[in-house]
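To keep things clear, I will list the structure first and then write my remarks on it.
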Amino acid sequence: MLNDSSTIAAISTAKGVGGIGVVRVSGKHALKIAKNICNVDLSPRVAEFTSFKDKKNVTLDQGIVIYFPAPASFTGEDIVEFQGHGGVVVLNLILNACLSFGASLAEPGEFTKRAFLNNKLDLSQAESVADLINASTEAAAKSAINSLRGVFSIKINSLLKNLTDLRMFVEACLDFPEEDINFIDQGKVDKKLKNLNNDVSEILNSARHGQLLRDGVKVALIGQPNVGKSSLMNQLAKESKAIVTEIPGTTRDPIKSDISIQGIPIHLTDTAGLRDTEDIVEKLGIEKTWESIKEADITLILVDVTDNDGRYEDKIKKELPKGNKTIIIKNKIDLLKQKARVDEQHNVLQIFISAINGDGIKLVEKEILKIVRREEHSSNQEDLFMARTRHIEALEKVKHALNKAVFNLQAPELVAEELMIAQKSLSKITGEFSSDDLLGQIFGQFCIGK
Ligand SMILES: Nc1nc2c(ncn2[C@@H]2O[C@H](COP(=O)(O)OP(=O)(O)OP(=O)(O)O)[C@@H](O)[C@H]2O)c(=O)[nH]1
Ligand SMILES: [Mg+2]
Numbered sequence: 003m004l005n006d007s008s009t010i011a012a013i014s015t016a017k018g019v020g021g022i023g024v025v026r027v028s029g030k031h032a033l034k035i036a037k038n039i040c041n042v043d044l045s046p047r048v049a050e051f052t053s054f055k056d057k058k059n060v061t062l063d064q065g066i067v068i069y070f071p072a073p074a075s076f077t078g079e080d081i082v083e084f085q086g087h088g089g090v091v092v093l094n095l096i097l098n099a100c101l102s103f104g105a106s107l108a109e110p111g112e113f114t115k116r117a118f119l120n121n122k123l124d125l126s127q128a129e130s131v132a133d134l135i136n137a138s139t140e141a142a143a144k145s146a147i148n149s150l151r152g153v154f155s156i157k158i159n160s161l162l163k164n165l166t167d168l169r170m171f172v173e174a175c176l177d178f179p180e181e182d183i184n185f186i187d188q189g190k191v192d193k194k195l196k197n198l199n200n201d202v203s204e205i206l207n208s209a210r211h212g213q214l215l216r217d218g219v220k221v222a223l224i225g226q227p228n229v230g231k232s233s234l235m236n237q238l239a240k241e242s243k244a245i246v247t248e249i250p251g252t253t254r255d256p257i258k259s260d261i262s263i264q265g266i267p268i269h270l271t272d273t274a275g276l277r278d279t280e281d282i283v284e285k286l287g288i289e290k291t292w293e294s295i296k297e298a299d300i301t302l303i304l305v306d307v308t309d310n311d312g313r314y315e316d317k318i319k320k321e322l323p324k325g326n327k328t329i330i331i332k333n334k335i336d337l338l339k340q341k342a343r344v345d346e347q348h349n350v351l352q353i354f355i356s357a358i359n360g361d362g363i364k365l366v367e368k369e370i371l372k373i374v375r376r377e378e379h380s381s382n383q384e385d386l387f388m389a390r391t392r393h394i395e396a397l398e399k400v401k402h403a404l405n406k407a408v409f410n411l412q413a414p415e416l417v418a419e420e421l422m423i424a425q426k427s428l429s430k431i432t433g434e435f436s437s438d439d440l441l442g443q444i445f446g447q448f449c450i451g452k
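Using our numbering, the first residue of the sequence shown is number 3, and each one after it goes up by one.
Listed below in structure tokens is the structure:
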């Protein structure tokens, strides 16, 4: 049990007005606080309708109170939930009553942090609580709930077990140095390392997909002024996000819009058109365009199909980050009375569209999705789980260590060393070896009351 005697309280429902709102209290004084506020005897997990009163015995609200005794609660501590009317003022009054009876205000994510510290969840499951709350698409929510159910943790723990078994075997070899090589051969260390490596690769691929569902893909719309970037942005966003005029240099600040294509979050940025200009404001806008290009995963380079001088293409190519994918969008095909189409020659993908009447927008969505799907490798949608950059970095470290172990197979002490590095790295995912800094960082990103 967590060695922290403080009892915490927070409004756990979203800020704003709603039918009901919940104030949650967790810690060893939760029941005493509930008694002070409600003056009823509470049975475990039984909803009681009652009045909520403050220290001066003034009635604040009427509602339901439920008591979840430790350890069978979300945090593993005693929890009391007050379900009052969902108004900001009334919920704050109930919260203040809890504070006046001895609770302290919960920090962001503190309930979930306590659940983690009391072994109700491992770290990756705790992270998926925040990911589920923040999920921006259905697919992201599904993968977060899978992580919360432990799909990811089960995979990591099974990998960890195999890794630990192998490490113990190799360490045992070290105690009998004259029989090193023989032991390695006997234990099929080589084959086991390769199997582990395959397992890590598989999880890594799924994790990359999970990260994509969580974080989405950044797509920048760039090109010379007036080619129709803002028009395409508005078509993709299905609303008028950016101003469109026939005046070149209309867009100055980058304009962002989050859309979803088949469940994948896509973060679009419409940018200021690239050209040489003396206009100070436009110049600053163009600087921001280059920044957007550097950040993008996918760049849509728009070109007016009736006028392609390709002046900026080389410069753009130089600025593109490693791994960035580009699509050339030839816009305004209506002017040439052409049909929307995709054309791929010498590895250059071109889509011919008309942003003014929406012709070919579906093709743009399809090709973006194709690039994303090509990246993600994974096909099993049921097995999806949520993953974060830190999980992917840890898995990459494991892979690197296993590769080094294979390379040093004839030196058991080096194999043991690499297996230890791999084991530590893997344990960080579930939180067995996690610094306070990392915990602070992870739980700090939660909302208050969760
Ligand atoms: N005929 C035709 N006109 C288009 C098409 N797409 C955009 N336009 C027009 O081209 C002009 C410029 O469009 P915008 O979407 O503002 O172009 P932009 O690339 O965002 O321009 P800047 O913000 O100035 O860099 C507007 O008059 C649009 O109506 C198209 O597919 N066909
Ligand atoms: Mg524009």
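Don't be surprised by glycine CBs; every beta carbon is placed ideally from N, CA and C.
Note that the structure is a prediction, hence the values are computed from the model and not measured.
The beta carbon of methionine 235 is closer than 8 Å to those of Leu223, Lys243, Ala244, Ile257, Ser259, Leu270 and Asp272 in its chain, skipping five residues each way along the sequence. Counting along the chain, no beta strand (DSSP E) covers phenylalanine 113; the unbroken alpha helix (DSSP H) around it starts and ends at 112-119. Taking a cut-off of 8 Å for Cβ pairs, the segment 431-450 and the segment 107-120 touch, as three or more such pairs fall below it.
DSSP places aspartate 124 outside both helix and strand once states are collapsed to three, so it counts as coil. The shortest C-alpha to C-alpha distance from methionine 422 to any of Lys220, Leu441 and Lys163 is the one to Lys163. When the five nearest sequence neighbours on each side are left out, the beta carbons in the same chain lying within less than 7 Å of the beta carbon of glycine 152 are those of Gln127, in order along the chain.
Alanine 117 is positioned such that its CB atom lies closer than 8 Å to that of phenylalanine 76. By the C-beta density criterion, glycine 86 is buried, having at least 16 other C-beta atoms within 10 angstroms. In the DSSP assignment, valine 307 forms no beta bridge with any residue.
Contiguous beta strand (DSSP E) elements confined to the segment 309-391 occur at 327-333, 343-347 and 350-354, taking only those with 3 or more residues. A Cβ-Cβ distance of about 4 Å is found for the pair leucine 304 and valine 229, placing them in contact under the 8 Å criterion. Check the Cα spacing between alanine 99 and each of Glu83, Gly78 and Phe54: the tightest is with Phe54.
Between the beta-carbon of leucine 286 and that of threonine 308 there is about 29 Å, and that puts the pair past the 8 Å contact cut. In the structure shown, lysine 220 falls within a strand segment according to DSSP collapsed to helix, strand and coil.
A Cβ-Cβ contact shorter than 8 Å links valine 350 with isoleucine 330. DSSP places proline 414 in the uninterrupted alpha helix (DSSP H) bounded by 414-432. Taking the Cα positions, glycine 362 is about 26 Å away from glycine 325.
For the pair leucine 371 and lysine 144, the CB atoms are not nearer than the 8 Å cut-off. Taking a C-beta distance under 8 Å as the contact criterion, glycine 88 and threonine 15 qualify as a contact pair. With a 10 Å radius around the Cβ and a threshold of 16 neighbouring Cβ atoms, glutamine 425 comes out buried.
Taking the Cβ of alanine 357 as the reference point, at least one heavy atom of ligand 1 falls within a distance shorter than 7 Å.
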